[in-house]
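The sequence shown begins at -17 in the working numbering and counts up one residue at a time.
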Amino acid sequence: MGSEHATPDKPAGSATEVFVTFLKLGLTSFGGPIAHLGYFRDELVTRRCWIDEAAYGDLVALCQFLPGPASSQTGFALGVLRGNGLLGGLAAWTAFTLPSAIILVAFALGAAAFTGPIAEGALHGLKLVAVAVVAQAIWGMAKSLTPDRERAGIALAAVAMVTFAGGSLGQIGAIALGAVAGLWLCRTQTTAPVGHLSFPVSRRRGAWALALVATLFVVPPLIGQATGYQTITLFNAFYRAGALVFGGGHVVLPLLQAEVVTPGWVGSEAFLAGYGLAQAVPGPLFTFAAYLGAVMGPAPNGLIGAAIALVAIFLPGLLLVYGTLPFWDALRLRPSAQAAMRGTNAAVVGILSAALYSPVWTSAVLSPRDFVLVLAGFLLLTVWKAPPWIVVVVLAAAGAVVKLL
C-alpha cells in the first residue's frame, strides 16, 4: 500500500505523524499558497524525504490543474501519501487549517467589541491591506500566466465578461471561455511533463469521489430552492465557490463576494476587514470562509455557520484531488488538457483584475490618504518583499493614526 516515492529507509508513516507535522506548518506557514508550497518542499521533500523532487513537482502540477486551494490540496495529497490513505489526508488538512480558522472565527465573534476611532481606523486599514494584497497577486500572476498576446487577450475578455455579466454567472462564463480559448490559442505552448505518481487510492474510490463532487454540486441547490432551508443554501454557496476557484486562494474573493455580499448576508465593510485580517494569519486563505460563516447575518452563523462554511469551501477541492490521484498520470500527458488550463489560468487573472476594482478598490480606497497607504502596502509586498503579516500590522496601525488625525 505504500507509495513508490517513499525513500527506502522512510516507510509509510501514520496519521498521527502527519497531523503533528502539518500542525507545525499550519502555525508557521505565512505568505499565501505559493509560499506554502515552498514550506512544504523544505519540510517534507528536503528534510523529511516523504516524496522526491520530481514527484513533488508533479503533485503541485496536479493541484494547480484542478479547481480549489492548491496548497491545501497539495498538503492533503501528501497526507494521503504519507498516512497511507484518506485518514492521513484528513489529518494533514485538519492540522494545516485549524490554526488560522480559529483565529479568524475568534475575530469574527469579537468584532462587535472593536468600537471607537482607533478600532474603526484599524479595521479600515485591514480593508486597505486587501487592496494591496490582491494587486500584488494580480501583478505576480499576470507575469507568469499571461506572458503573451493570446493569454493577455483571454484575460481582457474575462474582465469584460465578469464586468458586464456580473455575479457568479459571469465568473463561470469567464472560466469556460478561458478553457475554450486555451484549446484554440494555446496548444503550441504545451510541454511534456516528467516524473511519475503513485498513491494508495484505488480507481474505484477515485471514481466515487468524483461522482460525489458532481452530486454535491447539483443536489443541494435543488433542495435549497425547494425548501428554502438556509443551512443547505449556506453549504451550497460556499461549496460552489470552492468548486470554481482556479489559480489560488485570492481568486476566491470575487466568488465569495458574489455569494455572501450580493445577497446581503455579510456587509461589504465586514467582508473586506476579514479578508484583510486573513492575510496576517498562517495557513490557507480559504479559512476566510470560517470568518464569513461566523459573522453573517442569517442563521446558521457563529460557530455552526463557521464550521459549515469551512467544510463546504474545502470539500470540492479535496474530493477532486482524491478522485483524480489514480488517473492523473494518463490525464496530464494530454496536450488538450495542458492547453485548456493555460487558457483557464489567463481567465483567472482577468477575474481577479475585475475584483480588484469592485468590490475591493471601490469599497476601501475612499480618499487620497487611502491611495497612499495602499501604494505603500503594495511596494512593501513587491519591492521590499515584506511578509504579508508585516503589511497587515503597518496598514492597520496607519489606518488608526489617520483616523485620529
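Quick reminder that beta carbons are idealized off the backbone N, C-alpha and C, glycines included.
Cα-Cα separation between residue i and residue j, rounded to whole angstroms
i           : j           : result
residue 134 : residue 215 : 36 Å
residue -16 : residue 132 : In this predicted model, residue -16 has a pLDDT of only 39, less than 50, meaning its place in the structure is not dependable; the value taken from the coordinates is given anyway. Rounded to whole angstroms, residue -16 to residue 132 spans 43 Å at the Cα level.
residue 254 : residue 344 : 11 Å
residue 327 : residue 127 : 6 Å
residue 206 : residue 296 : 20 Å
residue 316 : residue 351 : 51 Å
residue 191 : residue 301 : 6 Å
residue 141 : residue -2  : 45 Å
residue 38  : residue 23  : 8 Å
residue 313 : residue 320 : 9 Å
residue -13 : residue 34  : The predicted position of residue -13 is uncertain, since its pLDDT is 42 and thus under 50; a value taken from the coordinates is nonetheless stated next. So the alpha carbons of these two residues sit roughly 6 Å apart.
Close Cβ partners of residue i (< 6 Å) along its chain, the five nearest in sequence each way excluded
i           : result
residue 124 : 331
residue 0   : 61, 64, 65, 70, 73 and 74
residue 258 : 108, 109, 111 and 112
residue 383 : none
residue 54  : 266
Short Cβ contact (8 Å threshold) for residue i with residue j
i           : j           : result
residue 356 : residue 110 : yes
residue 18  : residue 119 : no
residue 242 : residue 278 : yes
residue 373 : residue 114 : yes
residue 116 : residue 342 : yes
residue 329 : residue 80  : no
residue 100 : residue 385 : yes
residue 185 : residue 308 : yes
Beta-carbon contacts of residue i that lie in its chain and below 7 Å, excluding the five residues immediately before and after
i           : result
residue 291 : 216, 220, 271, 272, 274 and 275
residue 2   : none
residue 280 : 212 and 247
Sequence-distant residues of the same chain with beta carbon closer than 8 Å to residue i, five excluded per side
i           : result
residue 249 : 243
Residue from the options with nearest C-alpha to residue i
i           : options               : result
residue 151 : 67, 350, 170 and 239  : 239
residue 165 : 141, 136, 187 and 190 : 136
residue 7   : 45, 56 and -5         : 56
residue 393 : 89, 334 and 21        : For the chain, the structure presents residues -17 to 387; residue 393 sits outside this window and is missing.
residue 168 : 354, 324 and 371      : 324
residue 203 : 39, 223 and 287       : 223
residue 265 : 82, 362 and 47        : 82
residue 346 : 100, 185 and 252      : 252
residue 4   : 78, 359, 170 and 282  : 78
Inter-residue CB distance, residue i and residue j (contact presumed, cutoff 8 Å)
i           : j           : result
residue 26  : residue 32  : 5 Å
residue 305 : residue 189 : 7 Å
residue 381 : residue 103 : 4 Å
residue 145 : residue 336 : 5 Å
residue 260 : residue 269 : 7 Å
residue 45  : residue 227 : Residue 45 to residue 227, Cβ: 12 Å. No contact.
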